[in-house]
Amino acid sequence: MSGTEHSNPTAHVVVGYTPQDAFVAVQFSPPPAEYVWHDRQAEHRRERFGPGNCYQQWLAVDVATGAVWFGDTDWRTQGEEAADWLPGRLRAEVGDGALPSPAVLAVPLAHRVADDRGSDTWRFFSVEELHALVRRVLPLVQRVIDSLHRVGPGGVSEWSAEAATAWTDLEQACRFTLDATGAVAWPDPRMSAVPAWRVEVRDFLARNPELCDPAWAAATDAELDACAAYEADSGYDGVPGLVCAAAGIRIEEGYTFYGHRAALYAYRAAACGGRTPVEAGLWLQSSDAGRASWEGAKVVGASLADAPDCVLDHLAETFRGAAADDGVVLTGLAAHLRQQRAEERAAVDDTLAATGEELQRLEELLKDVRLVRNTVLTRVLSWTDGRDDEAIARLAAMSPVAVAEWRERLTADGNVRSEA
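178 is the number of the first residue of the sequence shown in my numbering; add one for each residue after it.
The structure is reproduced here in structure tokens:
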């Protein structure tokens with residue numbers, strides 16, 4: 178469920194979940210009281226909790242739209258199967274990189290508290306109470322969605338250090354206690370400062386500019402995404418892990434890095450100096466300036482398959498200049514030209530392979546035909562019917578000299594057999 182779409186996401190309660198809607202979109206079905214208990218003295222763990230403890234009420238947040246709503250699970254659903262009833266994924270499941278699509282995260286609510294004497298109290302909430310809770314946490318939701326990174330042409334959401342901190346505050350604000358009268362008490366929503374152990378990749382690179390790879394300036398989206406998704410055998414993943422592995426540097430443990438794709442895209446944008454980065458293949462094939470540049474650089478009858486590296490380098494400089502005049506920066510240009518050459522050379526290889534196969538087939542056929550012709554030629558020459566070599570050569574599609582040599586071999590073989 179995503180709620181109402183917003184061009185500028187604003188945290189809001191989904192229609193149908195407010196008192197003025199009479200809460201038409203939700204109906205709670207908590208377990209009977211006799212199914213909710215905790216027996217600390219039970220010998221086996223499965224006997225310590227009643228089946229009603231599987232019941233779960235939750236809040237859901239669509240960070241792409243700001244929509245917030247609430248609901249519950251079926252208390253009869255046991256164990257890990259209960260997670261299938263949640264409307265989205267848990268924060269721990271999505272990691273610290275890009276968010277899933279749809280970007281719906283669930284906040285399960287706790288229902289059990291223990292007092293100083295170890296007595297357990299279960300508390301399930303009404304729709305009115307959950308609506309009031311949602312209203313309390315809307316500023317935290319707004320901070321999450323405002324501080325997320327939105328990266329690339331599709332605006333894919335990616336965690337930032339601030340958004341992750343705001344989400345932690347949101348989860349904390351949803352943990353209730355009971356006051357002295359037994360009434361539910363929710364903590365005051367807080368706006369925590371980002372802790373030092375949460376680090377933006379962009380800040381990390383700004384403090385360590387020597388670790389930046391100049392190739393990022395002209396890398397494609399796919400190449401930048403691959404760098405952001407780097408996985409190490411040990412130590413840190415992502416951009417810090419990648420650049421430190423290349424430099425032989427080890428980062429101190431205990432940090433969590435955020436905004437890997439955002440940092441790389443920002444680096445490229447700064448290197449482009451305000452011009453738009455465009456993948457070379459797309460510009461050459463789809464834009465008027467790109468097609469004109471390609472036609473102007475192409476020699477009639479020439480093929481990239483025959484172009485050495487120096488020619489490709491010259492073409493790259495030509496296209497970069499034309500792209501600059503068009504107000505764009507080409508990404509992945511060298512790789513694109515080499516890929517095009519590789520594809521054209523592969524096509525030539527395919528032609529050579531097909532020609533070789535056909536030639537082999539014809540040579541095998543010719544071998545069989547020659548065997549038949551030689552057999553027939555031997556019979557004709559053995560007749561000694563007075564025809565000369567030229568007449569027989571015309572019939573066999575051979576030269577008279579070859580027929581004469583064949584006749585001599587037959588005569589020599591005959592003499593050998595006679596002497597024997």
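Every residue, glycine too, gets a C-beta built ideally from N, C-alpha and C.
Source: prediction; values computed, not measured.
Notebook entry, point to check: Which word fits Ile426, buried or exposed, when buried means at least 16 other C-beta atoms lie within 10 angstroms of its C-beta?
Noted result: So Ile426 counts as exposed.
Check: Which residues bound the alpha helix (DSSP H) around His288?
Finding: No alpha helix (DSSP H) holds His288; DSSP gives it neither H nor E.
Next item on the list: From the DSSP output, in three-state form, read off Leu263 for me.
Entry: Note: Leu263 maps to coil in three-state DSSP.
Check: From the DSSP output, which residues share a beta bridge with Tyr435?
Finding: DSSP, once it has assigned bridges, lists Glu377 as partnering Tyr435.
Check: In angstroms, rounded to a whole number, what distance separates the CA positions of Thr250 and Ala447?
Finding: Looking at the backbone, the Cα of Thr250 and that of Ala447 are separated by about 48 Å.
Margin query: By the DSSP assignment, the alpha helix (DSSP H) with Val311 in it spans what residues?
Written below: Taken as a continuous stretch (DSSP letters only), the alpha helix (DSSP H) holding Val311 covers 304-324.
Item checked: Nonlocal neighbours in the same chain, by C-beta distance under 6 Å from Pro577, ignoring five residues either side -> Correct list, in chain order: Asp566, Glu567, Ala570.
Next item on the list: Return the chain-ordered list of same chain residues with a C-beta closer than 6 Å to the C-beta of Thr298, the five sequence neighbours on each side being excluded.
Entry: Once the five neighbours on either side are set aside, the close Cβ partners of Thr298 are Val290.
Next item on the list: If I'm right that Ala484 touches Arg445 with Cβ under 8 Å, what's the distance once you round it to whole angstroms?
Entry: The pair is not a contact, with the Cβ atoms about 28 Å apart (cut-off 8 Å).
Checklist line | Rounded C-alpha distance that separates Gly473 from Pro391 | finding: Note on geometry: alpha-carbon atoms of Gly473 and Pro391 lie some 30 Å from one another.
Margin query: Can you check which of these residues, Lys544, Glu541, Glu582, is closest to Leu558 by C-alpha distance?
Written below: Distances from the CA of Leu558 to each of Lys544, Glu541, Glu582 were compared; the closest alpha carbon is that of Glu582.
Checklist line | Close-in-space but distant-in-sequence residues of the same chain around Arg327 (CB under 8 Å, 5 per side omitted) | finding: Take Arg327, set aside five residues on each side of it, and the residues of its chain with a beta-carbon closer than 8 Å to its own are Val333, Ser334, Glu335, in chain order.
Next item on the list: Starting from Thr187, follow its DSSP beta bridges and name the residues at the other end.
Entry: Secondary-structure assignment with DSSP links Thr187 through no beta bridge to anything.
Next item on the list: Evaluate Arg438 with the Cβ neighbour count: other Cβ atoms within 10 Å of its Cβ, from every protein chain shown; 16 or more gives buried, anything less gives exposed.
Entry: Classification of Arg438: buried, given that the 10 Å Cβ count is 16 or more.
Notebook entry, point to check: If you draw a straight line from the C-alpha of Gly450 to the C-alpha of Ser337, how long is it?
Noted result: Straight through space, the alpha carbons of Ser337 and Gly450 are spaced by roughly 24 Å.
Notebook entry, point to check: Since Ser334 sits in a beta bridge, which residues does DSSP pair it with?
Noted result: Ser334 pairs with Arg327.
Next item on the list: Starting from the C-beta of Val203, find all residues in its chain whose C-beta is less than 7 Å away, skip the five residues before and the five after it, and write them out in chain order.
Entry: Excluding residues within five positions, the ones whose Cβ falls inside 7 Å are Tyr194, Phe247, Gly248, Val304.
Check: Ends of the alpha helix (DSSP H) at Thr555?
Finding: Per DSSP, Thr555 belongs to the alpha helix (DSSP H) from 510-559.
Checklist line | Beta-carbon gap between Pro279 and Gly243 smaller than 7 Å | finding: Contact flag unset, no.
Next item on the list: Give the single residue among Cys231, Thr561, Phe205 whose Cα lies nearest to the Cα of Trp214.
Entry: Comparing Cα positions, the closest option is Cys231.
Next item on the list: Please confirm if the stretch 348-360 is in contact with the stretch 411-424, defined as three or more CB-CB distances below 8 Å between the two stretches.
Entry: Counting Cβ pairs under 8 Å, fewer than three are found: no touch.
Checklist line | Beta-carbon gap between Arg379 and Ala440 smaller than 7 Å | finding: Ala440 is positioned such that its CB atom lies closer than 7 Å to that of Arg379.
Item checked: Three-way DSSP call (helix, strand, coil) for Pro454 in this model -> The answer is strand: DSSP assigns Pro454 an E or B state.
Check: Based on the DSSP output, what are the partners of Asp239 in its beta bridges?
Finding: BP columns for Asp239 point to Ala244, Val281.
Note to self: Going by beta-carbon coordinates alone, are Ala457 and His513 separated by less than 7 Å?
What the structure shows: Result yes, Cβ atoms of Ala457 and His513 sit closer than 7 Å.
Check: Can you give the Cα-Cα distance for Glu429 and Ser464, rounded to whole angstroms?
Finding: Their backbone Cα atoms lie some 47 Å apart in a straight line.
Notebook entry, point to check: Could you give the distance in angstroms between the alpha-carbon of Arg452 and the alpha-carbon of Ala443?
Noted result: When only Cα atoms are considered, Arg452 and Ala443 end up about 13 Å apart.
Notebook entry, point to check: When the Cα of Gln517 is compared with those of Asp545, Thr555, Leu459, Ala482, which residue comes out closest?
Noted result: The residue with the shortest Cα to Cα distance from Gln517 is Ala482.
Checklist line | Span of the alpha helix (DSSP H) around Asp398 | finding: Its alpha helix (DSSP H) spans residues 398-405.
Check: Span of the alpha helix (DSSP H) holding Thr495?
Finding: Residues 486-502.
Item checked: Glu182, DSSP secondary structure in three states -> At Glu182, the pLDDT of 37 sits below 50, so the modelled position is not reliable; the number obtained from the coordinates is stated separately. Glu182 sits in coil when the DSSP states are folded into three classes, being neither helix nor strand.
Notebook entry, point to check: Going by Cα to Cα distance, which pick from Tyr212, Leu263, Arg225, Trp252 is closest to Trp235?
Noted result: Ranking the options by Cα distance to Trp235, first place goes to Leu263.
Margin query: Determine whether the beta carbon atoms of Pro285 and Gln233 lie at a separation below 7 Å.
Written below: In this structure, Pro285 sits near Gln233, with a CB-CB distance shorter than 7 Å.
Next item on the list: Going by CA-CA distance only, name the one from Cys389, Asn551, Arg367, Arg586 that's closest to Thr345.
Entry: Its Cα nearest to that of Thr345, the residue Arg367 stands out among Cys389, Asn551, Arg367, Arg586.
Item checked: Cβ separation of Arg268 and Leu282, assumed to be a contact under 8 Å, to the nearest whole Å -> The C-beta distance from Arg268 to Leu282 rounds to 6 Å, short enough to fall under 8 Å.
Next item on the list: With DSSP as the reference, please indicate the residues paired to Trp299 in a beta bridge.
Entry: Beta bridge pairing from DSSP links Trp299 with Arg289.
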